[in-house]
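What follows is a short report on a single structure.
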Amino acid sequence: GKIIAERTAAPNSTVTLTVTPDEGYYITKENIFVMVSGNDAQARRGGATRAIDIGIRLPVTVGDINAEGQGTYTFTMPAESNVTVTAEFMQREDLSEKAVVTLSKSSFAYDGQDQRPSVTVTNGSEPLSNVAYETHTNGKQEYDEEWPSPDYAVIGTKQVTVKFRGQYKGTKTQEYSITERALSSEGYTVTLHPESFIYDGESHTVSATITDSNLDNYALLNGTDYTMSGETGITAGTYTVTFCGTVNYN
2 GKIIAERTAA
12 PNSTVTLTVT
22 PDEGYYITKE
32 NIFVMVSGND
42 AQARRGGATR
52 AIDIGIRLPV
62 TVGDINAEGQ
72 GTYTFTMPAE
82 SNVTVTAEFM
92 QREDLSEKAV
102 VTLSKSSFAY
112 DGQDQRPSVT
122 VTNGSEPLSN
132 VAYETHTNGK
142 QEYDEEWPSP
152 DYAVIGTKQV
162 TVKFRGQYKG
172 TKTQEYSITE
182 RALSSEGYTV
192 TLHPESFIYD
202 GESHTVSATI
212 TDSNLDNYAL
222 LNGTDYTMSG
232 ETGITAGTYT
242 VTFCGTVNYN
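Just so we're on the same page, this note's numbering is the position in the sequence shown counted from 1, plus 1.
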């Protein structure tokens, strides 16, 4: 990796470090060492007359960085001193095989809405975090969730890919499904229009309205969501109308 900084800085000014790990490596602010020596170091250790032979480490503040530590860091330049900046870049561990990815659900019934399970990732017994660096209490983001399927509302097999970040690398993909809704399940209201005819020797056909209370009383579309049979009759008597789901219903 590399660190870029101004070669000179005024006393008490803010110095910005631009840090770039090489591919496959990461860094944290704990592994960036800003060491001061000279007159200012003597003053910090108890006075200019006290001789010392070691540097003093200055605090480093995190700026805008990503999960691998690439980005900016700052420190305050001390007065009348030289400063040396060194860094220790660490190799990222590949979790493509080792990590376990668990989904909260393996399947959903179609409801017309985007449906995605929650994702849990563990490395052995250790849960990993996908919370951004700025808000994670441990100061690290260990994976991202990527959703490559084109539409998470339609029926079919869907994917979520875990991309490991920070001190880890590699990817792992899990699948789940969105399945047809069963017309035989609860939540549907079927209304025939009309519900009866007076015999007149002519052929009569009913229409139907089907609403799905699971989908905010969505009105299913004849020919799109279902087909009808037995809706036409001539002779007097009782008829049975049968509905068969299509595409998103069964």
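Even glycine gets a Cβ: it sits at the ideal position worked out from N, Cα and C.
For clarity, every value in this text was computed on a predicted model and none was experimentally measured.
Once you ignore the five residues that flank residue i on each side, which residues in its own chain have a CB closer than 7 Å to its CB?
i      : result
Tyr240 : Gly231 and Gly234
Gly238 : none
Ser150 : Lys159 and Gln160
Ser38  : Gly56, Ser82 and Asn83
Val132 : Gln142
Pro118 : Leu104, Ser105, Lys106 and Tyr177
Am I right that residue i and residue j are in contact with their C-beta atoms under 8 Å? What's the rounded C-beta distance?
i      : j      : result
Tyr169 : Leu104 : That pair is no contact at about 19 Å.
Ala183 : His194 : Between His194 and Ala183 the Cβ distance is about 24 Å, and since that is not below 8 Å, they are no contact.
Thr180 : Ala110 : 6 Å
Gln71  : Gly25  : In fact, because the Cβ distance is near 13 Å, the residues do not count as touching under 8 Å.
Asn124 : Lys141 : Contact doesn't hold; Cβ gap of about 12 Å is too wide.
Does the Cβ-Cβ distance between residue i and residue j come in under 8 Å?
i      : j      : result
Val102 : Lys173 : yes
Val155 : Val207 : no
Val191 : Asp226 : no
Arg58  : Val35  : yes
Pro22  : Glu69  : yes
Ser108 : Ser178 : yes
Asn215 : Gly188 : yes
Ile28  : Val61  : no
Val120 : Leu129 : no
Gly113 : Tyr219 : yes
Asp115 : Tyr153 : yes
Cutting at 8 Å between CB atoms, please list the residues of its own chain near residue i, excluding the five before and the five after it.
i      : result
His205 : Phe198, Thr233, Gly234 and Ile235
Gly2   : Val20, Thr21, Pro22, Asp23, Tyr26, Ile28, Ala88 and Phe90
Tyr250 : Tyr111, Glu181, Arg182, Ala183, Leu184, Leu221, Asp226 and Tyr227
Starting from the C-beta of residue i, find all residues in its chain whose C-beta is less than 6 Å away, skip the five residues before and the five after it, and write them out in chain order.
i      : result
Ile5   : Thr19
Gly246 : Leu184 and Tyr227
Gln175 : Val102, Leu104 and Val161
So what does residue i bridge to, in DSSP terms?
i      : result
Pro151 : The partner list for Pro151 (beta bridge, DSSP) is empty, contrary to what the question assumes.
Met91  : Tyr27
Tyr74  : Leu18 and Val63
Leu104 : Val120
Ser208 : His194
Asp145 : Lys164
(request) Could you tell me whether the segment 139-153 touches the segment 74-85, using the rule of 3 or more Cβ pairs below 8 Å? (result) In short, these stretches do not touch, since the Cβ pair count stays below three.
(request) Say whether the segment 84-96 touches the segment 3-21, bearing in mind that this needs 3 or more beta-carbon pairs closer than 8 Å, one atom from each stretch. (result) Because the criterion of three Cβ pairs below 8 Å is met, the segment 84-96 and the segment 3-21 touch.
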